[in-house]
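Peer 1: Counting with this note's numbering, you get residues 527 to 747 for the letters of the sequence shown.
Heads up, the beta-carbon is just placed ideally off N, CA and C, and yes, glycines get one too.
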Amino acid sequence: MTVIELCGAGLTYPGPPPVPALRPADLTVRRGEYVSIVGPSGSGKSTLLNVLGLLDRPTEGRFLLDGVDTASLKDHKRTALRAHRIGFVFQAFHLLAQRTAVENVALAQLYRGVPAKQRTARAREALHRVGMGHRLDSEPSRLSGGERQRVAIARALAADPSLLLCDEPTGNLDSANAANVLDLIDGLHGEGMTVLMITHDQAVSSRAQRQVSIRDGVLTT
Ligand code: ADP
Ligand code: MG
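1. List the endpoints of the continuous alpha helix (DSSP H) containing Gly-672.
2. For Tyr-539, which of Thr-528, Asp-552, Thr-573 and Leu-553 has the nearest alpha-carbon?
3. Would you say the beta carbon of Leu-547 is closer than 8 angstroms to some non-hydrogen atom of ligand 1?
4. Could you name the residues of the same chain whose beta carbon sits closer than 8 angstroms to that of Leu-599, not counting the 5 residues immediately before and after it, in chain order?
5. Taking Cβ to Cβ, would you say Arg-661 is nearer than 9 angstroms to Ala-627?
6. Do Val-721 and Tyr-560 have their C-beta atoms closer together than 9 angstroms?
7. Under DSSP, the alpha helix (DSSP H) around Val-730 begins and ends at which residues?
8. Beta-carbon distances below 6 angstroms to any heavy atom of ligand 2 define the shell here; list its residues in chain order, please.
9. Is the segment 665-677 close to the segment 616-632, with three or more CB pairs under 8 angstroms?
10. With which residues is Arg-556 paired in a DSSP beta bridge?
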């Protein structure tokens, strides 16, 4: 089963002047793979993330997610597909400050149409899975950076996504917390999760099974 399939997919920002931020590329990621995209600042990583995350449409070529050709989908279908199939993990965590860990994870499922009763149960389960079962009722301000990122990963997992899409998930962490989060991601991969890691950091990238580099918008396997 193929999770990501880019077929000649590229994105040129219209400008003027037009910026060919992602050159037409092919990329296949199968279920259970752990793939990294590594490249320096300005190389097109965010552009690619936005395409893979269904936040932007490629201006040429095709992007299939779980075999679904996304180009022809209306916006509300793309939103639903994103909510159900993709778990995002960002550098800056994006947790709600006044909410507990379990509330943060439960609230995110609102958009995924999970019935109210199930949200808390799933949130608890996801937090246990990332080793945060002992801090269910803590607010983010009482957690370390690494613990916050674990909560954010639990939030991403709670929808049972087919893809964990990580954008510099250790960028705000000290080396001990970063190692901890990367170990967690390794473990999730070991359990069968499909992971796509986007990073400028070669050490982070090297944790993946397969590394793809991006430079000046060109993907190179
Ligand atoms: P990265 O995330 O690797 O730093 P980006 O994908 O953000 O790279 O940017 C790739 C290229 O596209 C850069 O040259 C950047 O200036 C350009 N770019 C990014 N967003 C836009 C936009 N909305 N309009 C025009 N150019 C853009
Ligand atoms: Mg970027």
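Peer 2: The structure says:
1. In the DSSP assignment, Gly-672 falls within the unbroken alpha helix (DSSP H) covering 671-683.
2. Cα-wise, what sits closest to Tyr-539 is Thr-573.
3. Per the sequence presented here, residue 547 reads as Ala, with Leu not at that position. Remark: the shortest separation between the CB of Ala-547 and any heavy atom of ligand 1 falls under 8 angstroms.
4. When the five nearest sequence neighbours on each side are left out, the beta carbons in the same chain lying within less than 8 angstroms of the beta carbon of Leu-599 are those of Leu-607, in order along the chain.
5. Yes.
6. With contacts defined as CB atoms closer than 9 angstroms, Val-721 and Tyr-560 qualify as a contacting pair.
7. Counted as a single uninterrupted DSSP element, the alpha helix (DSSP H) harbouring Val-730 occupies residues 728-731.
8. Taken from the N-terminal end onward, the list reads Lys-571 and Ser-572.
9. Short answer: they touch.
10. Arg-556 pairs with Thr-528.
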